[in-house]
Amino acid sequence: MANPLASAQASLGWLFQRCLVSDTPRVLLAAGGTAGHIYPAVALSRVLEARGVQCALVGAPSEAQKREAFATGASVYAAYGWTGLHNMSVDPADIALIEDEAGGGNVAIRVYNAADRAGYDAIKAEPRSSADGRIVTRAIKLYADGALGSRGAALAEPYADAAETSGLLLMTEAEALPFFEQALRHGTGRR
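With this note's numbering as the guide, the letters of the sequence shown map in order to residues 5 to 195.
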């Protein structure tokens with residue numbers, strides 16, 4: 005089976021033609037009606053899931069590679085004169101690494117993290133902050149729909165250039181509601 009690739013933004017994926025068969029879920033068609041090669045991530049994940057294939061750009065980075073990436077990224081932004089950034093959809097396992105890098109003097113800017121939805125338990129009791137206050141984690145990033153550029157954003161009306169779709173929902177109301185209820189109860193500091 006082919007090795008699929010996902011974009012860094014995780015909103016698109018590339019798939020080799022030979023992965024597609026007659027029972028592949030609906031995909032975007034190229035001119036002439038042949039299956040294309042670039043797919044919204046949700047559609048790509050459905051194709052791969054049906055085939056039992058894991059999708060990754062490369063293997064998961066090691067802890068050392070992550071630390072180097074965090075430190076390098078912070079240095080690049082600092083070199084541009086930035087004093088801080090918002091880091092959305094952070095893997096909960098990476099929060100402590102980023103805090104540790106800041107503690108070691110390797111993060112020269114302020115970072116406001118929003119964990120991905122799997123990180124709710126890591127911050128629900130109280131926000132996290134590095135000892136020097138440079139790294140703060142006190143938000144959750146939820147994705148309700150896909151990206152506009154890949155025709156994944158859920159629109160009220162079909163896309164003007166793709167009348168057959170109005171986008172993709174990534175969370176149902178039933179999946180999202182518990183997060184919103186917990187935020188309403190606990191997100192403002194009230195118990």
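C-beta: ideal position from N, C-alpha, C; glycine also.
Boundaries of the alpha helix (DSSP H) in which residue i is found, first to last residue
i, result
"V94", "Here V94 belongs to no alpha helix (DSSP H); instead the beta strand (DSSP E) covers 88-94."
"R219", "Summary: the structure shown does not reach residue 219, with the chain confined to residues 5 through 195, and so no result is reported for it."
"A126", "124-127"
Burial state of residue i, where buried means 16 or more other Cβ atoms lie within 10 Å
i, result
"F184", "exposed"
"E103", "buried"
"S66", "exposed"
"G171", "buried"
"E105", "buried"
"D136", "exposed"
"G109", "exposed"
"T141", "buried"
"L61", "Here L61 scores only 47 on pLDDT, less than 50, and its place in the model is too uncertain to base an answer on."
Pairwise C-alpha distance: residue j and residue i
i, j, result
"Y163", "G153", "11 Å"
"G123", "A160", "30 Å"
"Y147", "A187", "16 Å"
"A100", "L173", "31 Å"
"S134", "A167", "48 Å"
"L181", "A157", "19 Å"
"A82", "D165", "41 Å"
"R132", "E179", "25 Å"
"D125", "V80", "31 Å"
"M175", "T76", "33 Å"
"G151", "F74", "Note that residue 151 corresponds to Ala in the displayed sequence, not to Gly. Their Cα atoms are separated by approximately 25 Å."
Enclosing beta strand (DSSP E) for residue i [first to last residue]
i, result
"A118", "114-120"
"R155", "Unbroken run through R155: none, as it is neither H nor E."
"V80", "Run containing V80: none in the beta strand (DSSP E); it sits in the alpha helix (DSSP H), 67-83."
"A143", "139-145"
Closest residue to residue i among the options (Cα-Cα distance)
i, options, result
"S93", "A180, A73, Y116", "Y116"
"A129", "R189, A64, E72", "R189"
"E177", "A126, D149, P131, A68", "D149"
"Q69", "L181, H90, D98, A83", "D98"
"R71", "H90, G107, E179", "G107"
"H90", "R138, R155, E179, A73", "R138"
"T169", "R132, R155, M175", "R155"
Below-8 Å beta-carbon distance, residue i vs any chain D residue
i, result
"D149", "Protein chain content of the structure displayed is limited to a single chain, and chain D is not contained in it."
8 Å Cβ cutoff met for residue i and residue j
i, j, result
"G88", "R114", "yes"
"A118", "P96", "no"
"A143", "V111", "no"
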